[in-house]
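Scroll down for the structure; my scribbles are underneath it.
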Ligand SMILES: Cc1cc2nc3c(=O)[nH]c(=O)nc-3n(C[C@H](O)[C@H](O)[C@H](O)COP(=O)(O)OP(=O)(O)OC[C@H]3O[C@@H](n4cnc5c(N)ncnc54)[C@H](O)[C@@H]3O)c2cc1C
Ligand SMILES: *[C@@H]1O[C@H](CO)[C@@H](O)[C@H](O)[C@H]1NC(C)=O
Ligand SMILES: *[C@@H]1O[C@H](CO)[C@@H](O)[C@H](O)[C@H]1NC(C)=O
Ligand SMILES: *[C@@H]1O[C@H](CO)[C@@H](O)[C@H](O)[C@H]1NC(C)=O
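In UniProt numbering, the protein residues as written are 1 to 427.
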């Protein structure tokens with residue numbers, strides 16, 4: 001019997017996995033359930049680093065993605081008077097993130113759309129070729145998982161619209177705050193998996209101001225707050241707020257309304273200086289405001305019986321690493337690859353997925369905690385030393401990397417002939 005798979009979440013990991021599973025064996029029945037009433041395309045610039053590029057190339061999607069990449073040329077660190085303290089350029093995709101800007105960056109919504117459309121296009125093409133011999137690929141928007149119960153051979157799922165279904169495998173691709181993870185692993189393990197950075201972040205966009213170009217700007221305010229604006233020559237400016245101030249207060253806002261969340265960030269930034277009042281006015285009107293407590297997800301094991309975690313739900317690295325998409329694509333590729341290689345022996349495939357993911361997860365989640373404390377100075381002295389170091393680093397950058405012409409060595413994805421990928425087919 002071909003596999004019957006439920007994927008929870010149509011973000012980045014979900015549609016990528018759906019495509020790979022269907023391409024390898026078109027007779028599989030795949031349902032993607034998404035809580036949002038339509039494709040959720042909010043979000044800002046995200047990086048395509050390390051394995052993200054070779055995997056997209058294998059999938060034949062790199063060209064489609066590259067065509068939509070934004071063109072940020074670097075970042076300026078500015079002070080309250082908008083004086084440039086330091087400037088950084090672009091990090092090549094095959095290297096660790098040394099600066100804010102990566103070689104390939106794309107708006108989250110464009111990435112989600114490319115992956116979603118690729119899965120539907122593949123579905124239509126396979127239907128044409130195979131007719132009734134084909135399984136189904138179904139996107140179910142505005143619905144979510146209410147309950148799970150499993151035995152050794154499958155999972156019974158209760159949906160919020162009242163329907164029920166039984167699946168050989170349930171994939172949690174529902175992001176950092178995955179509810180599927182909580183349902184499958186229990187509340188205690190779910191709580192313990194969240195490793196907070198002690199930083200709260202808000203993201204939104206607002207109309208571009210005159211004079212904003214292809215460089216991002218980062219401003220560090222007293223009171224452990226940072227503001228980043230990114231434009232990349234787009235009509236809208238992306239605003240990112242990162243704060244370590246009054247974290248207890250912010251911790252309590254995520255169950256409140258969007259208005260209350262905006263208000264809490266506005267209060268937090270009230271006296272931050274620089275262009276803050278203009279940026280907070282923009283937040284008021286923003287339709288794509290999104291905020292969260294930043295943290296990594298660390299699981300002992302990526303599956304519980306027949307429920308498996310892919311993407312942020314299993315190993316969120318935080319946006320600071322720029323490795324979220326890389327983790328999603330790596331996980332989708334390895335899980336689809338192992339399911340196909342192990343001849344649909346789901347349990348064996350989940351075990352090897354779990355083992356094979358260890359190294360790429362470690363690489364994605366690597367970040368310097370020492371640097372983090374440094375990046376959020378609470379005192380004037382800290383702020384001064386940070387600015388000095390940033391200035392010195394930007395001056396020394398060309399020397400620091402001299403002689404390092406080779407890319408960093410990273411884990412590299414194995415080949416899976418079982419996935420029947422046709423890189424030349426394109427989107
Ligand atoms: C609205 C939004 C904005 C973001 N903005 C940024 C950003 O600006 N910069 C950045 O680096 N990262 C951002 N991220 C996170 C980024 O997308 C992830 O780090 C990374 O791409 C991992 O993707 P994922 O597919 O694992 O999860 P996500 O991209 O988080 O996608 C998860 C999907 O699952 C859906 N979902 C959640 N719960 C349920 C449920 N119970 N049932 C069904 N569906 C559910 C969500 O609506 C979403 O579509 C954002 C995420 C979201 C959801
Ligand atoms: C970025 O630059 C490339 C090459 O110049 C171009 O093809 C692409 O359209 C640009 N992207 C955006 C979003 O402007
Ligand atoms: C697969 O999906 C199709 C279309 O939704 C459905 O008719 C069929 O019964 C499903 N097969 C299995 C084994 O669930
Ligand atoms: C998990 O965290 C939530 C929210 O902080 C809390 O209400 C709950 O009691 C915790 N549950 C367990 C089992 O630790």
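Even glycine gets a Cβ: it sits at the ideal position worked out from N, Cα and C.
Integer Cβ distance of residue i from residue j, believed to fall under 8 angstroms
| i | j | result |
| --- | --- | --- |
| residue 25 | residue 68 | Going by Cβ atoms, the distance from residue 25 to residue 68 rounds to 29 angstroms, so no, they are not a contact pair. |
| residue 364 | residue 311 | The Cβ separation is near 11 angstroms, so there is no contact. |
| residue 63 | residue 105 | The Cβ separation is near 16 angstroms, so there is no contact. |
| residue 17 | residue 173 | 7 angstroms |
| residue 341 | residue 270 | Wrong, their Cβ atoms sit about 56 angstroms apart, outside the cutoff. |
| residue 422 | residue 60 | 6 angstroms |
| residue 289 | residue 202 | 7 angstroms |
| residue 116 | residue 15 | 5 angstroms |
| residue 23 | residue 215 | That pair is no contact at about 40 angstroms. |
| residue 346 | residue 168 | 6 angstroms |
| residue 209 | residue 237 | 7 angstroms |
| residue 140 | residue 41 | Contact doesn't hold; Cβ gap of about 18 angstroms is too wide. |
| residue 284 | residue 262 | 7 angstroms |
| residue 114 | residue 70 | Incorrect: roughly 14 angstroms between the Cβ atoms, too far for contact. |
Beta-carbon proximity of residue i to residue j, cut-off 9 angstroms
| i | j | result |
| --- | --- | --- |
| residue 432 | residue 330 | In the structure as shown, the chain starts at 1 and stops at 427, and residue 432 therefore has no counterpart that could be examined. |
| residue 11 | residue 112 | yes |
| residue 82 | residue 275 | yes |
| residue 157 | residue 164 | yes |
| residue 127 | residue 27 | no |
| residue 361 | residue 194 | no |
| residue 77 | residue 244 | no |
| residue 286 | residue 232 | no |
| residue 54 | residue 413 | yes |
| residue 240 | residue 268 | no |
| residue 1 | residue 43 | no |
| residue 501 | residue 366 | Limits of the chain in this structure are 1 at one end and 427 at the other, which puts residue 501 out of reach. |
| residue 302 | residue 350 | yes |
| residue 222 | residue 272 | yes |
| residue 48 | residue 325 | yes |
| residue 19 | residue 124 | no |
| residue 294 | residue 189 | no |
As assigned by DSSP and simplified to three states, the class of residue i
| i | result |
| --- | --- |
| residue 294 | strand |
| residue 268 | helix |
| residue 62 | helix |
| residue 29 | strand |
| residue 158 | strand |
| residue 401 | Its pLDDT being 44, under 50, residue 401 is placed unreliably by the model, and the measurement read from it follows with that caveat. Of the three classes helix, strand and coil, the one that applies to residue 401 here is coil, per DSSP. |
| residue 313 | helix |
| residue 406 | Residue placement at residue 406 cannot be trusted, given a pLDDT of 44 that sits under 50; what the coordinates show is reported in the next sentence. Residue 406: coil per DSSP, three-state reduction. |
| residue 47 | strand |
| residue 229 | strand |
| residue 36 | coil |
| residue 10 | coil |
| residue 128 | helix |
| residue 88 | strand |
| residue 201 | strand |
| residue 106 | strand |
| residue 256 | coil |
| residue 137 | strand |
| residue 185 | helix |
| residue 352 | helix |
| residue 370 | Any reading at residue 370 needs caution, since the residue's pLDDT is 49, under 50, leaving its predicted position unreliable; the model's value is listed next. Here residue 370 sits in helix by DSSP. |
| residue 196 | strand |
| residue 359 | helix |
| residue 169 | strand |
| residue 236 | strand |
| residue 413 | coil |
Residue i: CB within 8 angstroms of a non-hydrogen atom of ligand 6
| i | result |
| --- | --- |
| residue 353 | No copy of ligand 6 occurs in the structure displayed; its ligands are ligand 1, ligand 2, ligand 3 and ligand 4 alone. |
(message) Counting beta carbon pairs with one atom in the stretch 306-321 and one in the stretch 146-155, are three or more of them shorter than 8 angstroms?
(response) Contact between the stretch 146-155 and the stretch 306-321 is present: 3 or more CB-CB pairs across the two stretches fall below 8 angstroms.
(request) Can you list the residues near ligand 4, meaning Cβ strictly closer than 6 angstroms to any non-hydrogen atom, in the order they appear in the chain? (result) With the cut-off at 6 angstroms, the residues found are 187, 188, 191.
(message) Counting beta carbon pairs with one atom in the stretch 348-365 and one in the stretch 25-37, are three or more of them shorter than 8 angstroms?
(response) As far as the Cβ criterion goes, the stretch 25-37 does not touch the stretch 348-365, which means the pair count is below three.
(message) Check whether the stretch 176-183 and the stretch 330-340 touch, using three or more Cβ-Cβ pairs below 8 angstroms as the test.
(response) Cβ pair count under 8 angstroms is below three, so no.
(message) Can you confirm whether the stretch 277-292 touches the stretch 191-198 when touching is taken to mean that 3 or more C-beta pairs between the two stretches lie within less than 8 angstroms?
(response) With the cut-off at 8 angstroms, the stretch 191-198 and the stretch 277-292 do not touch.
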